[in-house]
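Under our numbering, the first residue of the sequence shown carries the number -15, and numbering increases by one thereafter. In this text, a Cβ means the ideal position worked out from N, Cα and C, and glycines have one as well.
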Amino acid sequence: MKIAFLTSECTPLAKAGGLADVSASLPKALKKAGIDIVIFMPLYRHVKKNATWIEDTGEKLKIWIKGEPIITSIKKTENNGVTVYLIENDEFFDRDYLYSTPYGDYSDNAHRFAFFTTASMEAMKVLGYRPNVIHVNDWETALAPVYLCTKYNQDNFFVKTGTLLTIHNLAYQGVFSKETLPEIGLDYSIFHIGGLEFYGNINFLKGGIIFSDFVNTVSPTYAEEIKTERFGYGLEGVLRVKGERLIGILNGIDYDEWDPQKDKRIYANYSIENLSQKNINKLKLMEELGLEDGENRILAGVVSRLAEQKGLDLIYSVAGDMVKSGISLVILGMGEKRYEDMCMELERIYPRRVKTIIGFDEILSAKIYAGSDVFLMPSRYEPCGLGQMIALRYGAVPIVRKTGGLKDTISEFDRTTGEGNGFVFEEFTPLEFLSAIKRSIDIYMEKSLWLKLVKNCMQCDFSWDTSAKKYIEVYERIMKEKEEVK
Ligand code: ADP
C-alpha cells in the first residue's frame, strides 16, 4: 500500500502547532507498521535551517498559478526514516512565518497552498509514486481531493487513488474570494452550494470534505462536536452528510521523542521510579526564569499557540488567585498580538511569580513539561490536544476543560478510588477553572495522593500504536473501494 501524506508542517522541519507533531509521528508509526509512505511539504525557510541535509531529486515542474507559469524543483530529505519531498518556491515559502505574522495571514495563502498541492500531485507523477491514498491534512492541502475529481478526473495515473482528509482544526478553513478560482486551476462550475461555495466565497476545507472519500478528525469527541452548530463553524451540515465516512481517531505522541528518561533537553532525566529527579527540573527551571521560592510553590506550565481557542483569557482572569494560592506560572507561546500582550502583562503585574516567554522554543517547552507540577489547557475547544498528552508523559498533571480530545484523554482524579489523571472543568468560566485549580492544590497538599496522581499520569499510554492501526483500516477500506469501482 502506497500513501502520499501532504502536510503544511512537520516536526522538526517547520512547526506552528500540533499538526507538525502528527505529521512526523504518524508517518513514522505507519512506516513501522509496514506501510509505504512518503511526505510532501513546502520547502520553507525553516526547513532549510532545520533539515540536516537536503538533496535535489533533479526533477523540475511547471505549475500555473494566476495564469503565470512557475518553475519549481523537487528537493528531498528524510524525517524519522520517512522520505520527505520538498516543494521549492522561494517567493512563496522563503518567509519569516509559515502562514501569518502577528498582524494577520499572508494575503496570498490561497495561491501558496494551491501551488503546493498541485505541485505535490505533479511531483507524484514525475517521481513515479502512484499512491493508493492521498492523505491530506487541514485546509492547506484540502484541494487535492478536489483536483482529483476535477482536473485529474481523466488522468490514468490517479485512476486507483483515493483520498482521506484529516481535520486537525475546523476553525481554520481557507476561505478566499471566488475570483481566486481560475487562478488556482479550478473553474466556476464548482462554485455552488454542493461544491466550494461558502457564503459567497470559496472554502478549501469544505471542498476537501465534499470531495474526499473519507474524513477523520483527531479525537472521537471532536468528531461528534463538529456536527453541531456550536463547533461546526458553518460546516456542520456538510460534515453530517458524510455520515459514517466521518470518524474520530485520537492522535498519539512520539514516545521516543517525548521521554523524560532520555530527553537531553531537560535538566535531569527521571522516570516513575525516581520522581525526586523531576523536582530538580522544577527548581532549575524556576531559577533560570527568575521565579522565586521554588521549594514552596506549585509550578503551573502553559505551552501554547496564543490564539482565542486556547482560553488564555481564562488564565488571565484567575492568575491573581493562583498566585495568592501559592502557584507560580510559566507561559511559553506565540501567536496573536492581543494574547501576547495579555501574557506579558501578567508578568508585569506578578513579577517573580509569572514568567512569559514569547517565542517558539522546543527546548524550553521540554523543560516546562518536565518542570511543571500542573499543566493548564482551559481551551474553548480542542480537536485533540497534544500538550496534555506530553504533560502526562512528563508527570505534569493536566488541568483541562472538558472538550474534544481533552475530554477523551483526561479524567478527574478521584481521591477515594485513586483513579484519574487530572482535573477537569466543564463551563468556560473563571469560577469553574479556579475550582479545578483549587482541587489540584488540595491534592497537592497530600503528598501520597499527589504521588499516586503523578504516577497515574505517567502510566497513561498515548503512543501511536493503537491509532496508527485505525488509520491503516481506513486506508484499506478506501483502497478496496477503489479496486471495486474500477
Ligand atoms: P495546536 O495544534 O492547536 O497548536 P496541540 O496541543 O495539539 O495544539 O499541539 C501543540 C504542540 O505545539 C505541542 O507539541 C506543543 O508543545 C507545541 N507548542 C505550542 N506552542 C509552542 C511554543 N511556543 N514553543 C514550543 N512548542 C510549542
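Can you tell me the Cβ-Cβ gap for residue i and residue j, rounded? I've got them flagged as a contact below 8 Å.
i, j, result
"Lys351", "Arg249", "7 Å"
"Val381", "Cys444", "In fact, because the Cβ distance is near 11 Å, the residues do not count as touching under 8 Å."
"Lys268", "Pro86", "Incorrect: roughly 31 Å between the Cβ atoms, too far for contact."
"Met(-15)", "Asp20", "6 Å"
"Ile55", "Lys46", "6 Å"
"Gly317", "Val286", "7 Å"
"Glu411", "Arg364", "Not really, about 11 Å apart at Cβ, beyond 8 Å."
"Asp197", "Leu148", "7 Å"
"Ile23", "Ser7", "7 Å"
"Leu330", "Tyr378", "Leu330 to Tyr378, Cβ: 23 Å. No contact."
"Ser309", "Ile174", "At roughly 56 Å, the Cβ-Cβ gap does not stay under 8 Å, so Ser309 and Ile174 are not in contact."
"Glu163", "Gly51", "At roughly 12 Å, the Cβ-Cβ gap does not stay under 8 Å, so Glu163 and Gly51 are not in contact."
"Gly404", "Thr205", "The pair is not a contact, with the Cβ atoms about 17 Å apart (cut-off 8 Å)."
"Tyr136", "Ala107", "Contact doesn't hold; Cβ gap of about 13 Å is too wide."
"Met338", "Leu313", "A quick correction: the sequence has Val, not Met, at residue 338. Their Cβ separation, rounded to whole angstroms, is 5 Å, which keeps Val338 and Leu313 in contact under 8 Å."
"Lys144", "Glu467", "7 Å"
"Ser451", "Leu234", "6 Å"
"Asn474", "Thr150", "This structure cannot settle anything about residue 474, because the visible part of the chain is limited to -15 through 470."
Which residue's Cα is closest to the Cα of residue i: the options?
i, options, result
"Ile256", "Gly389, Leu435, Asn405", "Leu435"
"Asn121", "Ile210, Asn263, Val202, Tyr428", "Val202"
"Ile(-13)", "Ile118, Ser57, Leu27", "Ile118"
"Ala284", "Glu52, Ala354, Asp171, Glu272", "Ala354"
"Gly184", "Lys391, Gly2, Tyr172, Arg399", "Tyr172"
"Gly236", "Phe407, Cys368, Tyr334, Tyr69", "Cys368"
"Asn153", "Glu331, Arg289, Pro335", "Arg289"
"Gly274", "Ala128, Val358, Ile341", "Ile341"
"Phe359", "Ile421, Phe142, Ile264, Asp398", "Ile421"
"Ser(-8)", "Leu10, Val6, Met25, Ala8", "Met25"
"Ile374", "Arg364, Leu330, Glu329, Ile394", "Ile394"
"Thr101", "Glu279, Trp48, Ala8, Asp449", "Trp48"
"Lys439", "Phe215, Thr387, Gly402, Asp243", "Gly402"
"Gly18", "Thr(-5), Met105, Tyr206, Gly65", "Gly65"
"His30", "Gly1, Leu82, Asn63", "Leu82"
"Gly1", "Gly371, Arg114, Gln138, Val307", "Gly371"
"Glu220", "Gln245, Asp243, Leu189, Asn265", "Leu189"
"Ser432", "Arg399, Ile151, Glu106", "Arg399"
"Pro53", "Ala103, Glu208, Met463, Phe215", "Ala103"
"Asn93", "Leu296, Ala(-2), Glu124, Gln261", "Glu124"
"Lys(-1)", "Leu(-10), Tyr28, Gly42", "Tyr28"
"Pro(-4)", "Leu223, Lys32, Trp448", "Lys32"
"Glu43", "Asn34, Gly112, Asp325", "Gly112"
"Phe409", "Asp392, Asp449, Tyr455, Pro362", "Pro362"
"Glu366", "Ile347, Thr387, Asp277", "Thr387"
Any 3 or more C-beta pairs closer than 8 Å across the region 156 to 172 and the region 91 to 103: They touch, by the three-pair rule.
Contact between the region 223 to 240 and the region 410 to 423 (3+ Cβ pairs under 8 Å): The region 223 to 240 is not in contact with the region 410 to 423.
Every unbroken beta strand (DSSP E) inside the region 370 to 437 [3 residues or more]: Note on the region 370 to 437: whole beta strand (DSSP E) runs with a minimum of 3 residues are 381 to 385, 407 to 409, in chain order.
Contact the region 54 to 61 vs the region 127 to 135: 3+ CB pairs below 8 Å: With a cut-off of 8 Å, the region 127 to 135 and the region 54 to 61 do not count as touching, because too few Cβ pairs lie within range.
Ranges of the alpha helix (DSSP H) found wholly within the region 104 to 181, counting only runs of at least 4: Taken in chain order, the unbroken stretches of alpha helix (DSSP H) that lie wholly in the region 104 to 181 and span 4 residues or more are 122 to 125, 127 to 133.
Alpha helix (DSSP H) runs wholly inside the region 184 to 250, at least 4 long, in chain order: Those alpha helix (DSSP H) runs which fall completely within the region 184 to 250 and span 4+ residues are 188 to 195, 204 to 209, 213 to 216, 220 to 225.
Any beta strand (DSSP E) of 3 or more consecutive residues that is wholly inside the region 19 to 63: Taking only runs of at least 3 residues, the beta strand (DSSP E) segments lying wholly in the region 19 to 63 are 20 to 26, 39 to 49, 52 to 63.
4-residue-minimum alpha helix (DSSP H) runs that sit fully inside the region 307 to 357, ordered along the chain: Within the region 307 to 357, the complete alpha helix (DSSP H) runs of at least 4 residues are 321 to 333, 346 to 355.
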